[in-house]
Amino acid sequence: MASIKQFKLTLLGLFLSTFVHGQPLSTKKQGNKETAPGGISHEQKWWNLLYYNINITPDYERKYITGINSITFSALQSDTILQIDLQDPMRITSVRWKDKSLVFKHIKEGNYLVTFPTVIKAGDKQTISIHFEGEPKESLKPPYDNGWIWAKDLNGRPFISVACEGSGASIWLPCKDVLYDEPDNGVSFSITVPDTLTAVSNGRLKKKSTVKLKTTTYTWEVVNPINNFNIIPYIGKYVSWHKKYNGLKGKLDCDYWVLDYNLTKGKRHFKQTDSLLKAFEYWAGPYPFYEDSYKVVEAPMDGMEHQSALAYGNGFQNGLKGKDLISGSGWGLKFDFILVHESGHEWFGNSITSSNYGDGWIHEGFTKYLETLYTSYQFGTEAGNDYAIGTWKRIKNDEPILGSNTSDKYYKASAMLHMIRQGIGDSLFRGLLIGLNKEFYHQTVNTNEILNFFNRYTKKDFTKIFDQYLKTIQIPTLSYSFQDSIFKYRWENCIKYFSMPVRITFDKKNYQFIFPSTKWQTSKVSTTSSKGFHVDRNFYITVSENK
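Residue 0 is where the sequence shown starts when you use numbering that gives the first Met the number 0, and the numbers rise one by one after that.
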């Protein structure tokens with residue numbers, strides 16, 4: 000009977016053990032409101048979102064907001080009833096259209112139907128104004144549970160924001176709360192606050208006005224499409240500074256907003272944003288929102304990827320809360336995890352957006368891998384490899400990535416991208432990422448579209464690799480044996496017809512690629528034993544020697 004000797008590749012490389020599965024950090028929860036286009040109602044499908052004009056007045060003492068969202072849309076087909084999403088306990092109080100009140104009905108939790116008195120014809124452009132108010136759900140552990148954050152700063156002053164990626168913006172804002180449709184022409188967002196505070200949001204500050212005694216209204220404008228959950232107010236005793244970054248598309252306006260007592264440490268710490276912008280533009284192409292600027296805003300939460308207004312709450316320190324909690328390699332202490340990760344989402348998540356929650360790996364897997372690419376760019380390839388492999392200890396293999404909310408959409412999807420990079424080389428991989436950001440600039444996409452682009456751009460077929468790592472929890476096993484001078488190998492514990500190149504060495508020095516499939520292959524080699532045989536640590540696989 001043949002004996003089997005099992006090896007596993009972990010963050011320390013190839014050794015006799017099993018994978019160490021550490022508990023992941025709390026991950027941003029994502030709901031399952033939308034798993035496929037078939038899950039979208041007819042009352043959402045027939046109209047295309049063009050623009051939001053939002054006005055709100057938050058009341059800190061009552062934890063209450065009142066507001067109006069004027070929604071401009073175009074009709075894709077003729078109809079009379081549209082759906083607006085707003086979750087309890089928030090409520091719509093009236094809907095106006097052409098100076099008329101429209102009939103609306105609360106049909107179920109989170110959904111309202113609005114009825115027009117006449118047919119809205121295909122091609123028509125219309126605007127309705129949704130008046131709303133209520134006490135929105137409160138987030139007690141932002142951003143990992145969703146809601147409004149009614150915090151206080153260290154001096155006891157109001158410090159307010161919202162986290163709503165998982166629940167959707169309809170937790171507080173009446174909107175079309177789907178991933179696949181974004182306001183094509185952007186958003187105007189006016190926030191009225193006490194004149195002792197400042198309100199910051201996405202895009203650029205267009206106007207600051209006093210309408211009511213002892214209050215100030217700040218109007219911010221976004222000109223690019225934006226995810227609903229990224230439209231966020233920040234309210235606090237802010238100070239700011241401005242600088243320009245010389246980027247691939249010219250001068251990029253960069254603004255930084257911190258609480259007044261953090262100005263000195265903020266100016267010192269945020270200098271590293273230059274290096275991350277340089278690295279990301281090198282690897283993935285130009286920053287996607289030059290028109291709206293790049294902005295980091297101190298927030299009462301760890302961090303979030305709010306488009307052109309990234310939420311920051313990492314204490315002006317490197318790592319995550321001062322520790323290398325993500326990779327354990329040590330390299331994670333060389334940079335601020337929140338700055339790097341949330342900035343990476345501007346390319347993957349905000350510009351390239353998954354059209355449904357089941358494809359969330361497009362946001363998280365690519366952005367997670369940008370951390371590795373940043374580390375490689377700043378500290379060298381081996382440092383990047385250390386960082387990438389270090390994150391693999393967080394892979395759980397509890398559920399397939401597609402269609403689920405497993406944290407493997409971060410770490411395992413990133414591992415898949417790391418292996419693809421090994422197989423095609425840095426030059427082609429860089430071109431692939433830049434090409435993705437050109438092809439799907441400011442668009443929503445699904446996994447098949449990403450896969451098809453990979454195949455078309457590289458002239459290779461990654462279908463089986465995507466299927467293996469995104470659709471199963473199996474870790475492929477490279478099974479091999481030596482007999483005389485014959486090296487025999489194949490893939491096991493994998494899907495049918497799985498194939499993927501892997502880099503090996505017979506002398507612990509000179510690495511070369513082999514191209515295993517699920518069928519046995521043989522090669523004549525200069526050694527008769529497995530003594531010097533190793534598999535490159537950069538492949539998330541298991542290895543089994545048959546003796």
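In this text, a Cβ means the ideal position worked out from N, Cα and C, and glycines have one as well.
- Taking 9 Å as the cut-off, the Cβ atoms of V94 and V113 count as close.
- Nearest C-alpha to F532 among G343, Q520, D506 and N451: D506.
- By a beta-carbon distance limit of 8 Å, M418 contacts Y539. Their separation comes to about 6 Å.
- Sorting P515, T56 and S406 by C-alpha distance to the C-alpha of G422 places P515 at the top.
- Nearest in C-alpha terms to V295, of all of L477, T272 and G434, is T272.
- Exclusion of the five residues before and after F269 leaves Y255 and V295 as the residues of its chain whose Cβ lies within less than 7 Å of its Cβ.
- Contact annotation: the stretch 97-106 does not touch the stretch 199-211, with fewer than three C-beta pairs closer than 8 Å.
- Less than 9 Å separates the beta-carbon of L477 from that of S543.
- Under the criterion of beta carbons closer than 8 Å, Y311 and L338 qualify as touching, at roughly 7 Å.
- The continuous alpha helix (DSSP H) containing K408 extends over residues D407 to I423.
- When DSSP states are grouped into helix, strand and coil, D466 belongs to the helix group.
- With a contact defined as Cβ atoms closer than 8 Å, H241 and S350 miss out at about 23 Å.
- In this structure, the beta-carbon distance from D194 to K213 falls below 9 Å.
- In this chain, the alpha helix (DSSP H) harbouring K367 covers W360 to F378.
- Note on D385: 16 or more other CB atoms within 10 angstroms of its CB, so buried under the neighbour-count rule.
- Beyond the five residues adjoining it in sequence on each side, S40 comes within less than 7 Å, by CB distance, of Q82 in the same chain, given in chain order.
- Per DSSP, reduced to three states, the secondary structure at W490 is strand.
- Here the alpha carbon of D483 sits roughly 9 Å from the alpha carbon of S525.
- Collapsing the DSSP output to three states places N349 in coil.
- With contacts defined by Cβ atoms closer than 9 Å, F481 and W490 do not form a contacting pair.
- If you look at S528, you'll find it isn't in any beta strand (DSSP E); DSSP assigns it neither H nor E.
- In this structure V210 does not touch T218 by the C-beta definition: roughly 11 Å separates them, more than the 8 Å allowed.
- Looking at G314, N436 and N355, the one whose alpha-carbon comes closest to that of F452 is N436.
- Relative to F131, the option among A162, Y59, K470 and G66 whose CA is nearest is G66.
- By the criterion of a C-beta distance shorter than 6 Å, F512 is surrounded in its chain by P500 and R502, once the five residues flanking it on both sides are discounted.
- In the DSSP annotation of this structure, Y179 is not part of any alpha helix (DSSP H), being labelled neither H nor E.
- Restricted to the stretch 114-147, the beta strand (DSSP E) segments that are unbroken, complete and at least 3 residues in length are 124-133, listed in chain order.
- Beyond the five residues adjoining it in sequence on each side, P285 comes within less than 6 Å, by CB distance, of L247 and K248 in the same chain, given in chain order.
- In the structure shown, the three-state DSSP call for H344 is coil.
- Scanning S200, I400 and S166 for the CA closest to the CA of I55 turns up S200.
- Note on geometry: alpha-carbon atoms of K250 and E290 lie some 10 Å from one another.
- Across the structure, R455 and K264 are spaced so that their CA atoms are roughly 47 Å apart.
- For Y409 against K458, the beta-carbon gap comes to about 29 Å, at or over 8 Å, which does not count as contact.
- In the three-state reduction of the DSSP assignment, K322 falls in the strand class, which pools E and B.
- Between W282 and L432 a beta carbon distance of about 6 Å is seen, short of the 8 Å cut, so the two are scored as contacting.
- Beta-bridge partners assigned by DSSP to Q482: I485.
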